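Q: Using our numbering, read the sequence shown as starting at 301 and increasing by one per residue. Glycine included, each C-beta is placed from N, C-alpha and C at the ideal position. Predicted model, so just to flag it, every value in this text is computed and none were measured.
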Amino acid sequence: MPDVNRILVIGGGFSGLTTAVDAAETGAEVVVIEKNPYLGGRVAQLNKYFPKLCPPICGLEINFRRIKTNANITFYTMTEVENISGGPGNYNVTVKVSPRYVNDNCVACNACSEACPAERPNEYNFGMDKTKAAYLPFNQAFPQKYVIDSNYCKGDCGKACKDACKYNAIDLDMKPETINLNVGSIVVATGWNPYDANKLDLLGFGKVKNVITNMMMERLASPTGPTAGKILRPSDGRPAQNIAFVQCAGSRDENHLPFCSYICCLASLKQTTYIREQNPESKATIFYIDIRTPGKYEKFYWKVKEDQNVSFIKGKVADIVQEEGSDDVVVTAEDMLTGNKVKMKFDMVVLATGMEPSGASRKIAGVNYNENGFALPGTGIYSAGCTKNPMDVARSAQDSTSAALKAISAGKGR
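Okay, structure coming up:
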């Protein structure tokens, strides 16, 4: 059997990048593939992350720099696995690269976007604003290269972009490309998706104007988000002064996600600090079943709990509706500690939607998954980060280093 000291990392989010740079810096050759037009995954969409509560682009930029300066790493964006065959030490993997319609001549000058006549919903901001069909995914995207969305670029639309680009970077004739890779081991780091809040009928998402998800809140609070970091109500652009956070929105529910998503409580606690920092008069109420703040994060819970403008109500939310005649939101819940039914009005409600592994919606042939879509460990094909279990960024980094070590050993046929 050939010993191939080459590792394929499927997924270019925080876990995939950590796996890649750790493995490459030991001398292994690493190929990273990512379905998005940029690297960084979910972490890139966060306003702040634990444990330092700093913008995640800091940590991502370190890994981007390590990738740029390491000749052992090759990466492909807009790429997905089509087939895996072979075994440990000698896998054959077929991947499909979708056309970007922008080549390496791109200097991110924005001329194509300025000339582009078509618009598209901005999925990076969860549809809360729009971009042109020729766009940069976000300001600090890596690679720093524009992409043209062919779903919205129709007819002669692309000609305007092509004519505007003086670097000859627009290539509207690009076609899908198939690449065959021979690797010794594989690490699956395809990450997670926010659980679809439209499936949570009683919680009003998609029907009540000012009900959003926790990831939408991250983008609202981000200086690079749709409101330049101001936490405003989607319906009328008014500052949200009184916000409710609803925990376990889809998690720990046999009809949706039967497991605890681990990060949701911490995310809501963190997001109370966003609104409290913006406006000292603001108020936040957290409706919870149990608060989960493992290990050192317990200190953060007590810090938030000491804030007199943050309230905690232990009880499951039964209903969320829009107040008649206004855009305010009315939440009905049971207070388990008093036994009373509570009905409260808020400017906005944030649903702490659960963490659904990517394997729940798209499974890769050759990778084993459990009933919830989490990748199972094997020999030669390993999983890292939230692909295998819900976890925060710090744990994902540790787990990814472990996956890199396993992949290195398997690639050498040990």
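(1) Using a Cβ-Cβ distance cut-off of 7 Å, determine whether Pro-534 contacts chain D.
(2) Assign Ala-665 to buried or exposed, taking buried as 16 or more other Cβ atoms, counted over all protein chains shown, within 10 Å of its Cβ.
(3) Going by alpha carbons, who is nearest to Asn-405 out of Lys-459, Asn-468, Gly-387 and Ile-357?
(4) Can you look up Met-474 in the DSSP assignment and give me helix, strand or coil?
(5) Pull up the DSSP beta-bridge partners for Gly-386, would you.
(6) According to DSSP, simplified to helix, strand and coil, what is Lys-466?
(7) Using CA coordinates, which residue listed in Tyr-601, Val-330 and Ala-433 is at the minimum distance from Gly-316?
(8) Under DSSP, the beta strand (DSSP E) around Glu-419 begins and ends at which residues?
(9) Is the beta carbon of Ala-323 closer than 7 Å to that of Ala-704?
(10) Tell me where the beta strand (DSSP E) around Asp-619 begins and ends.
(11) From the DSSP output, read off the bridge partner residues of Cys-354.
(12) Determine the extent of the alpha helix (DSSP H) in which Ile-575 is found, giving its start and end residues.
(13) Which residues in the same chain have their Cβ closer than 6 Å to the Cβ of Pro-690, if we skip the five residues on either side of it in sequence?
(14) Label Asp-501 either buried or exposed according to how many other C-beta atoms from any shown protein chain fall within 10 Å of its C-beta, with 16 as the threshold for buried.
(15) Whether or not the region 456 to 463 and the region 620 to 638 are in contact is what I'm after, with contact meaning three or more pairs of Cβ atoms, one per stretch, closer than 8 Å; do they touch?
(16) Could you give the DSSP three-state label for Tyr-601: helix, strand or coil?
(17) Apart from the five residues just before and just after Ala-633, which ones in its own chain have a Cβ nearer than 7 Å to its Cβ?
(18) According to DSSP, is Ile-548 helix, strand or coil?
(19) Taking the DSSP output, what are the residues bridged to Phe-612?
(20) Helix, strand or coil: how does DSSP classify Glu-361 here?
(21) Measure the CB-CB distance between Ile-543 and Ile-589 and report whether it falls below 7 Å.
(22) Between which two residues does the beta strand (DSSP E) holding Thr-374 run?
(23) By DSSP, does Lys-499 sit in helix, in strand, or in coil?
(24) Quick check on DSSP: helix, strand or coil for Asn-425?
(25) Nearest-angstrom Cα distance between Gln-608 and Ala-567?
(26) Hey, Ile-591 and Cys-565 are a contact pair by Cβ (cut 8 Å); roughly how many whole angstroms apart?
(27) Starting from Val-407, follow the beta strand (DSSP E) in both directions and report where the run begins and ends.
(28) Quick one: measure Cβ to Cβ for Pro-476 and Thr-377, integer angstroms, because I've assumed they're closer than 8 Å.
(29) For the beta strand (DSSP E) containing Phe-646, list its first residue and its last residue.
(30) What's the C-alpha gap between Asn-439 and Gly-659?
(31) In the structure shown, what three-state DSSP assignment does Ala-684 receive?
(32) Closer than 8 Å is the cut-off here; do at least three beta carbon pairs connect the region 662 to 681 with the region 481 to 489?
(33) Where does Ala-652 land, buried or exposed, given buried means 16+ other C-beta within 10 angstroms?
(34) Straight-line CA distance for Asn-451 to Glu-423?
(35) Within 8 Å, do at least three Cβ pairs link the region 330 to 339 to the region 306 to 315?
A: Reading from the atomic positions:
(1) Looking for chain D here will not work: only one protein chain is present.
(2) exposed
(3) Asn-468
(4) coil
(5) Tyr-391
(6) coil
(7) Val-330
(8) 419 to 421
(9) yes
(10) 617 to 622
(11) Tyr-349
(12) 564 to 578
(13) Ser-561, Tyr-562 and Met-655
(14) exposed
(15) no
(16) helix
(17) Phe-587, Ile-613, Gly-615, Lys-616, Val-617, Ala-618 and Val-642
(18) Here residue 548 is Cys; the residue named in the question, Ile, does not match the sequence. Strand.
(19) Ile-586
(20) helix
(21) no
(22) 373 to 376
(23) helix
(24) helix
(25) 19 Å
(26) 5 Å
(27) Per DSSP, Val-407 belongs to no beta strand (DSSP E) and is neither H nor E.
(28) Incorrect: roughly 14 Å between the Cβ atoms, too far for contact.
(29) 640 to 646
(30) 29 Å
(31) coil
(32) yes
(33) buried
(34) 13 Å
(35) yes
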